[in-house]
Amino acid sequence: MTIRILTLSLTFLFSICGYSQAQIYLDNSQPIETRVKDALSRMTLEEKVKLTTAQSKFSSHGVPRLGIPEIWMSDGPHGVRMEILWDSWNHAKWTNDSCTAFPALTCLAATWDPSVSYLYGNAIGEEARYRRKDVLLGPGVNIYRTPLNGRNFEYMGEDPYLASKMVVPYIQGVQRNGVAACVKHFALNNQEKWRNHINVEVSDRALNEIYLPAFKAAVQEGKVWTIMGAYNQVRGEYACHNDLLLNKILKKDWGFDGTVISDWGGTHNTREAALNGLDIEMGTYTNGFTSNVSAAYDNYYLASPYLKMLKAGEIPLSNIDDKASRILRLIFRTAMAQNKPFGSLANDEHHSVARKVGEEGIVLLKNSAGLLPLNAAKYKKIVIVGENATRKLTEGGGSSELKVKKEVSPLEGISNKFGKAKITYTMGYASGDVAYDKVLPPKYNTDSLRTVAIKLAQEADLVIYVGGLNKNSQQDSEGDDRKSYELPFDQNQLISGLQQVNKNIVMVMLSGNAYEMPWLNKATTLIQAWYLGSESGNAIANILSGDVNPSGKLPFSFPVKLTDNSAHAFGEISYPGDSTNQYYKDDILVGYRWYDTKKIASQYPFGFGLSYSKFLYGKAKIDKTSIKDNDVLTVTVPVKNTSNIAGKEVIQLYIHDKKSSELRPEKELKAFQKVELLPGEEKIISFKIDKSSLKFYSDNKKQWVAEAGKFSALIGSSSRDIKSSLDFILE
Ligand code: GLC
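The sequence shown: position 684 = 1291 (this note's numbering), numbered continuously.
Spelled out as structure tokens, the structure:
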């Protein structure tokens, strides 16, 4: 009897304070869509509108009354950023938020190994989960169009197919931890100059063939839970509230059921933000990492102005119900997902993932004198020259900055590996300190630094040069672009000075962008080593010593000179634009699609990378010489390791369309495989080609089409080193 009275009184109690007994939205065993509907039915209009805006720099509202938690977000693509204060860009100076810095995404792309991308995503997802973040603001997949773009280091190169294949496992790895990935910046944010307003004009064809595929793969294959709108405008509408990009393409055509989050300060208009697909407005009245208007949250476009328009009936209530449903879905997938792992932070396991990504992504560009791998015993006096051998490169660069538990510098890594006794270090050149929006002059006199370095090089029997770019403003950094394609800080003069006094120089370049190489003819050894994060020095030392055999391939081309690049071939209106509009006149011919079609020699081509092993490609075979409709054609090629060192090779398949009604690039990457081969081992690599691999997006027909005719399947070790060409016909 008493139990019954108790139950009745509880039900009565629940009913008077608005809780029905069955709080379905709280029940984890219920399907998410059921929970979304139940939660929505309990929320007031004001509570729904609250969900669509920030409450602080990196969090958005929950529903306190119903026990629905806030959403906590954190940068960035390479590691979980240090805690930022509630309402300013300053660091909160917590003492428990030092993380693992994983290599920059250009390095991940350079691994050409989707399984490595999954390891990366899971490890960074575990760190975000441990730091109690619901959304990780990364990865970025904007296409590398010009070597001057300050943020190319955060992205996955110049080819949409490579970026599509590498972004999917990263997302799956992150999201298995109950943390949403946030693929950014959607779309056409391919430069930093004027990023907050420049209006990009691009053809439907280039949009669909080049700039959208990685985002489409993220949504349809990666099932990404959030997308970040870009700052720039696209065809006259801001990307953060853009009818074509968000309503038509993302949500309608691609079926995206997740949440669109604005870039910080990317929202400019209530009506458009409401009607053109934005779901959560973040960072309004800021420029993304320096300026700030405090306590402005109630004035956000989707805050009181939006509520007023909804109450006045100027915007239908269905509009807010769609936004609120998407945001509740995000909350149930993350903050309220009860069966998610607990994550971990900055442990050995994550550092070994960081090291592995670095080791798999470092690209050996030149080794003509066979100096590498280094047999340290041969050398008595080794001098290491270059500021990048000691500079912390996990700081700076903008929102992808990190506070790390450790960062093994190249100097430390190489000294640990080869023995401190024989190693001398000298800075050689100097850059200024990190400053986000101004270029600070170096504190040192570069002439004297250079003189000292050349003298030491003269007396050494081996020089290891560690240079490249860095995370300073107008280098590899958010907020502005590089001003020149040259190496900065007078490095070219230093390098040629070193070359005059010593012929044993190993060049190790750290950067997220290509750069001019006037000294290349005199260089015998060149390694492109990216920004490698916490394990930088160890990954580099393992490659230099041969403990790890380099297997990375370039995710973007190195043009000989800037004017060879597609974005710089059509005047200022094409890059950087006229400060209001910008026309992508290179259209679909971006990266190797441009250099190969225009027959312009690259310094180093897309997909290029050497190994300490030697790989022999045998005779490729094709199982059919014609296909139609749903046929699948198989191409096989034997690859043999003819050296005595185990190594990995990335075999690439490109398609060449011999004749088409609309211009097509000389070749397009359509498949690749990274395989390990033991000394003397041979493997038969096979690729499948079907009609979908042959399609292009017709600007005339506004759809993907495969035209009958002759094609060639090109098997290559890089986009320029084609080993076999196999002809076939599409009926
Ligand atoms: C920045 C960046 C974006 C970052 C966000 C939050 O301006 O454009 O990538 O995630 O604002 O820091």
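C-beta: ideal position from N, C-alpha, C; glycine also.
Residue of the options minimising C-alpha distance to residue i
i: Pro-1166; options: Pro-1212, Thr-1132, Val-1115, Ser-1186; result: Pro-1212
i: Arg-672; options: Lys-1231, Glu-654, Ala-661; result: Glu-654
i: Val-895; options: Gly-843, Pro-1049, Leu-1069, Glu-1085; result: Strictly speaking, residue 895 in this sequence is Gly, with Val absent from that position. Taking only the C-alpha atoms, the option nearest Gly-895 is Glu-1085.
i: Ala-903; options: Gln-662, Ser-705, His-848; result: Gln-662
i: Val-1242; options: Ala-1278, Ser-1268, Gln-1210; result: Ala-1278
i: Phe-1096; options: Thr-893, Leu-712, Arg-1057; result: Arg-1057
i: Leu-1333; options: Lys-1231, Ser-1218, Val-807, Glu-1275; result: Lys-1231
i: Asp-955; options: Thr-1053, Lys-988, Glu-1014; result: Glu-1014
i: Leu-726; options: Ala-880, Val-774, Ala-1130; result: Val-774
i: Gly-1020; options: Val-990, Leu-1105, Ser-1091, Ile-1147; result: Ile-1147
i: Asp-1068; options: Trp-679, Thr-1031, Arg-1089; result: Thr-1031
i: Ala-1320; options: Lys-1308, Lys-1298, Lys-1309; result: Lys-1298
i: Asp-1193; options: Ala-880, Pro-1272, Arg-998, Gln-1107; result: Pro-1272
i: Lys-947; options: Asp-1236, Lys-1302, Gly-785, Lys-1247; result: Gly-785
i: Ala-711; options: Asp-1306, Pro-1162, Gln-1259; result: Pro-1162
i: Tyr-1043; options: Pro-1017, Ala-910, Gln-1082, Glu-994; result: Gln-1082
i: Ala-1028; options: Lys-987, Thr-1132, Asp-1054; result: Lys-987
i: Lys-1050; options: Glu-994, Gly-1026, Leu-1260, Gln-840; result: Glu-994
i: Val-742; options: Ser-911, Leu-692, Leu-937, Asn-883; result: Leu-937
Straight-line Cα distance separating residue j from residue i
i: Arg-1200; j: Ile-639; result: 44 Å
i: Ser-1022; j: Ile-969; result: 19 Å
i: Cys-624; j: Arg-649; result: In this prediction, Cys-624 scores a pLDDT of 48, lower than 50, which makes its location untrustworthy; no coordinate-derived value is stated.
i: Ser-771; j: Leu-1063; result: 46 Å
i: Tyr-626; j: Ala-944; result: Because Tyr-626 sits at a pLDDT of 46, beneath the cut-off of 50, its placement in the model cannot be relied upon, and the point is left open.
i: Lys-1221; j: Gly-1153; result: 14 Å
i: Ser-901; j: Ala-787; result: 27 Å
i: Thr-866; j: Tyr-737; result: 22 Å
i: His-804; j: Ile-922; result: 26 Å
i: Ser-1080; j: Gly-872; result: 20 Å
i: Ala-1136; j: Asp-864; result: 38 Å
i: Leu-853; j: Leu-914; result: 22 Å
i: Pro-1245; j: Glu-888; result: 53 Å
i: Gln-1065; j: His-958; result: 37 Å
i: Gly-1004; j: Arg-688; result: 12 Å
i: Leu-851; j: Gly-780; result: 30 Å
i: Ile-1229; j: Val-831; result: 36 Å
i: Ser-869; j: Ala-837; result: 7 Å
i: Val-790; j: Gln-1107; result: 47 Å
i: Leu-1140; j: Ala-961; result: The displayed chain sequence assigns Gly, not Leu, to residue 1140. If I take the Cα positions, the gap works out to 7 Å.
i: Ala-881; j: Val-1312; result: 35 Å
i: His-848; j: Ile-691; result: 26 Å
i: Gln-827; j: Lys-985; result: 54 Å
i: Val-1282; j: Asn-974; result: 22 Å
Local Cβ density within 10 Å of residue i, reported as buried at 16 or more and exposed below that
i: Phe-939; result: buried
i: Ile-1291; result: exposed
i: Lys-1205; result: exposed
i: Asn-1156; result: buried
i: Ala-846; result: buried
i: Thr-660; result: buried
i: Trp-701; result: exposed
i: Phe-949; result: exposed
i: Trp-719; result: buried
i: Glu-967; result: buried
i: Glu-765; result: buried
i: Asn-839; result: buried
i: Lys-859; result: exposed
i: Asn-1188; result: exposed
i: Lys-1342; result: It is not possible to answer for residue 1342, since the shown part of the chain is limited to 608 through 1338.
i: Asn-1149; result: buried
Residue-level contact to chain B via CB, residue i, 8 Å cutoff
i: Tyr-768; result: Note that chain B does not occur in the displayed structure, where there is just one protein chain.
Count the C-beta pairs between the segment 788-798 and the segment 748-764 that are closer than 8 Å, then say yes if the count reaches three, no if not.
yes
Counting Cβ pairs closer than 8 Å, one from the segment 1105-1118 and one from the segment 1067-1076, do we hit at least three?
yes
Three or more C-beta pairs under 8 Å: does that hold for the segment 1105-1114 against the segment 677-686?
no
Assess contact between the segment 1088-1106 and the segment 1035-1048, defined as three or more Cβ pairs (one per stretch) separated by less than 8 Å. Is contact present?
yes
Three or more C-beta pairs under 8 Å: does that hold for the segment 724-733 against the segment 1171-1179?
no
Three or more C-beta pairs closer than 8 Å, one from the segment 1241-1259 and one from the segment 1180-1196: is that the case here?
no
Unbroken stretches of the beta strand (DSSP E), 3 residues or longer, contained in the segment 1255-1283
none
If contact is defined by three or more beta carbon pairs under 8 Å, each pair taking one atom from either stretch, is the segment 1007-1020 in contact with the segment 704-724?
yes
To test your reading of the DSSP string, which unbroken beta strand (DSSP E) runs of 3 or more residues are found completely within the segment 1013-1079?
1030-1033, 1069-1075
Inter-stretch contact at 8 Å, needing at least 3 Cβ pairs: the segment 991-1001 / the segment 742-753:
no
Just to confirm the assignment: which complete beta strand (DSSP E) runs, minimum length 3, are found wholly within the segment 795-819?
806-808
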